[in-house]
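Numbering (full-length UniProt numbering), first residue to last: 1 to 352.
Below is one structure, written out as structure tokens; comments come after it.
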């Protein structure tokens with residue numbers, strides 16, 4: 001008889017069901033992970049509401065996974081039961097045109113744990129053993145849960161490739177806060193964060209971000225960015241919201257010759273308007289980034305291990321698995337919440 005586990009399953013849009021499902025069976029190239037914590041991401045809300053990956057339902061979502069190895073496939077190397085691990089959620093074929101070029105994020109059969117296949121809002125999740133990254137003993141469990149979101153922002157930071165002393169503006173104060181912290185770490189000056197959450201903007205200031213712009217209080221954020229950059233605009237801009245209006249705004253905040261790093265995921269039918277003139281005579285540039293992969297995971301773990309980034313001030317609360325649906329809704333309505341973790345091992349929420 002199959003072993004059973006608790007899981008939150010998105011059966012259909014806006015319909016999440018806590019149910020008993022079989023514990024995943026692993027093959028020789030996989031490991032089984034006992035989930036300790038799984039962070040809630042904005043994409044989890046998009047899947048829950050049917051705005052993204054609706055064709056994958058029913059699905060166990062959750063991709064910001066930290067856990068402990070429970071079972072190890074025969075072909076796995078350097079992994080044993082009890083190891084504390086994070087999971088590279090990107091699943092690639094390794095043989096298509098893009099994979100052979102080293103562009104795994106463009107894999108023709110690209111999928112991700114918790115987005116296209118069952119993820120971490122449950123008690124156990126399986127993954128390829130080659131996607132496993134060990135967590136140092138010195139790192140606490142809460143910090144370890146932040147490895148996945150840091151890899152995504154880190155990949156964008158690498159592609160942006162900002163020069164020391166360059167100005168950088170970030171729109172969005174969710175993962176945008178992390179983008180801003182990485183920009184500061186790379187030597188950008190000044191770093192400007194634009195958003196609508198007073199709590200998150202104040203937190204960013206306390207963490208060392210040079211300037212914050214609250215769009216609820218500033219009539220013209222574009223003009224304010226230009227004022228803060230000596231009238232020319234920012235050298236670099238990062239869009240971390242995911243809407244055509246904020247993409248257009250970010251592009252307008254750039255100086256001539258500046259670069260926009262596209263990170264926020266829009267609806268597939270959400271289109272922005274940009275003038276070709278700005279690309280040709282203005283020499284503005286755009287690049288995109290959707291996730292972290294490969295070396296990004298090791299790099300993110302080192303940044304957290306050596307406390308170059310400290311995510312703990314961003315964690316608002318931890319909720320039991322049973323309260324996941326409530327927490328998803330609270331994140332949309334409570335401006336005082338930032339990062340929320342889910343644990344299948346606790347019975348009552350922990351608020352920080």
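We put the CB at the ideal spot given by N, CA and C, even for glycine.
Task: Contacting residues, own chain, Cβ-Cβ under 8 Å from residue 259 (five flanking each side not counted) - done: 160, 235, 236, 237, 284, 285, 286, 287.
Open item on the list: Buried or exposed, going by whether 16 or more other CB atoms sit within 10 Å of the CB of residue 81?
Closed with: Burial call: exposed.
Open item on the list: In this structure, how does DSSP classify residue 61 when only helix, strand and coil are distinguished?
Closed with: In this structure, residue 61 counts as coil in the three-state DSSP scheme.
- [ ] Could you tell me how far apart the beta carbons of residue 90 and residue 108 are, in whole angstroms, since I believe they sit closer than 8 Å?
- [x] Not confirmed; about 13 Å, so no contact.
- [ ] Return the chain-ordered ranges of every beta strand (DSSP E) run that is complete within the segment 12-64 and spans a minimum of 3 residues.
- [x] 15-22, 30-39, all fully within the segment 12-64.
TODO: Might you give, ordered along the chain, the residues of its own chain that have their beta carbon closer than 6 Å to the beta carbon of residue 247, omitting 5 neighbours on each side?
DONE: The beta carbon of residue 247 sits closer than 6 Å to the beta carbons of 239, 272 from its chain, once the five residues preceding and following it are set aside; these are given in chain order.
Open item on the list: For the segment 185-199 against the segment 288-297, do three or more pairs of beta-carbon atoms, one drawn from each stretch, fall closer than 8 Å, so that the two count as touching?
Closed with: Too few Cβ pairs lie closer than 8 Å, so no.
Open item on the list: Using only the alpha-carbon positions, how far apart do residue 173 and residue 140 sit?
Closed with: A direct Cα-to-Cα measurement between residue 173 and residue 140 gives close to 24 Å.
Task: residue 256 - DSSP class collapsed to helix/strand/coil - done: Strand, per DSSP.
- [ ] Below 8 Å on the Cβ atoms is my guess for residue 170 versus residue 162; work out the distance and round it to an integer in Å.
- [x] Not quite, the Cβ-Cβ distance comes to about 11 Å (not below 8 Å), so this is no contact.
Open item on the list: Whether or not the segment 19-26 and the segment 47-59 are in contact is what I'm after, with contact meaning three or more pairs of Cβ atoms, one per stretch, closer than 8 Å; do they touch?
Closed with: The segment 47-59, when compared against the segment 19-26, does not touch it at the 8 Å Cβ threshold.
Task: Beta-carbon proximity of residue 218 to residue 192, cut-off 7 Å - done: A distance of 7 Å or more separates the beta carbons of residue 218 and residue 192.
Task: Cut-off 8 Å between Cβ atoms - residues of its own chain near residue 203, not counting five sequence neighbours on either side - done: Sequence-distant Cβ neighbours of residue 203 in its own chain, meaning closer than 8 Å and more than five residues away, are 177, 313, 314, 338.
Open item on the list: I need the boundaries of the alpha helix (DSSP H) containing residue 332, first residue and last residue.
Closed with: Boundaries of the alpha helix (DSSP H) around residue 332: 324-333.
Task: Touch test, the segment 5-18 against the segment 55-63, Cβ-Cβ under 8 Å, three pairs minimum - done: Yes: the two stretches touch, three or more of their Cβ pairs being nearer than 8 Å.
Task: Beta-carbon proximity check, residue 124 vs residue 32, cutoff 7 Å - done: Going by C-beta atoms, residue 124 is nearer than 7 Å to residue 32.
- [ ] Express the C-alpha separation of residue 241 and residue 194 in angstroms, rounding to a whole number.
- [x] Inter-residue distance for residue 194 and residue 241 is about 10 Å (C-alpha atoms, whole angstroms).
Open item on the list: Can you find the residues in the same chain that come closer than 8 Å, C-beta to C-beta, to residue 199, ignoring five residues on each side of it along the sequence?
Closed with: Closer than 8 Å at the Cβ level, and outside the excluded window around residue 199, lie 335, 336, 338.
TODO: Could you give the DSSP three-state label for residue 185: helix, strand or coil?
DONE: Residue 185 carries a helical assignment under DSSP once its states are collapsed to helix, strand and coil.
Open item on the list: I'd like to check one pair, residue 1 with residue 325: are the Cβ atoms closer than 7 Å?
Closed with: Against a cut-off of 7 Å, the Cβ pair of residue 1 and residue 325 comes out as no contact.
Open item on the list: Taking the beta carbon of residue 329 as the centre, do at least 16 other beta carbons fall within 10 Å, making it buried, or is it exposed?
Closed with: The residue in question, residue 329, is exposed, as its Cβ has fewer than 16 Cβ neighbours within 10 Å.
Task: Contacts around residue 71, its chain only, beta-carbon distance under 8 Å, and the 5 residues preceding and following it disregarded - done: Excluding residues within five positions, the ones whose Cβ falls inside 8 Å are 26, 31, 32, 81.
TODO: Let me know if residue 230 comes out buried or exposed under the rule of 16 or more other beta-carbons within 10 Å of its beta-carbon.
DONE: Exposed, since its Cβ has fewer than 16 Cβ neighbours within 10 Å.
- [ ] Would you tell me roughly how many angstroms separate the C-alpha atoms of residue 342 and residue 331, rounded to the nearest one?
- [x] Looking at the two C-alpha atoms, the distance is approximately 13 Å.
Task: C-beta contact flag for residue 145 and residue 66 at 7 Å - done: Yes, these two residues count as a Cβ contact at 7 Å.
Task: Reduced DSSP secondary structure (H/G/I, E/B, other) of residue 316 - done: Looking at residue 316 - three-state DSSP - the assignment turns out to be strand.
Open item on the list: I believe residue 182 touches residue 154 by the beta-carbon criterion, under 8 Å. Please report the beta-carbon distance rounded to the nearest angstrom.
Closed with: The C-beta distance from residue 182 to residue 154 rounds to 7 Å, short enough to meet the 8 Å contact threshold.
TODO: Could you please give the first and the last residue of the uninterrupted beta strand (DSSP E) stretch that includes residue 130?
DONE: Per DSSP, residue 130 lies in no beta strand (DSSP E) segment and is marked neither H nor E.
Open item on the list: Does residue 84 come out as helix, strand or coil in the three-state DSSP assignment?
Closed with: Reduced to three states, the DSSP call for residue 84 is strand.
TODO: Determine which residues share a DSSP beta bridge with residue 5 and list them.
DONE: For residue 5, which the question treats as bridged, DSSP gives the partners 21.
Open item on the list: Quick check on this structure: which residue in 262, 46, 136, 99 has the alpha carbon closest to the alpha carbon of residue 156?
Closed with: In this structure, 262 is the residue among 262, 46, 136, 99 with its C-alpha nearest to the C-alpha of residue 156.
Task: Minimum Cβ-Cβ distance from residue 65 to chain D less than 7 Å - done: Absent here is chain D; the protein component of the structure consists of one chain.
Task: Nonlocal neighbours in the same chain, by C-beta distance under 8 Å from residue 29, ignoring five residues either side - done: The residues are 73, 75, 76, 128, 129, 130.
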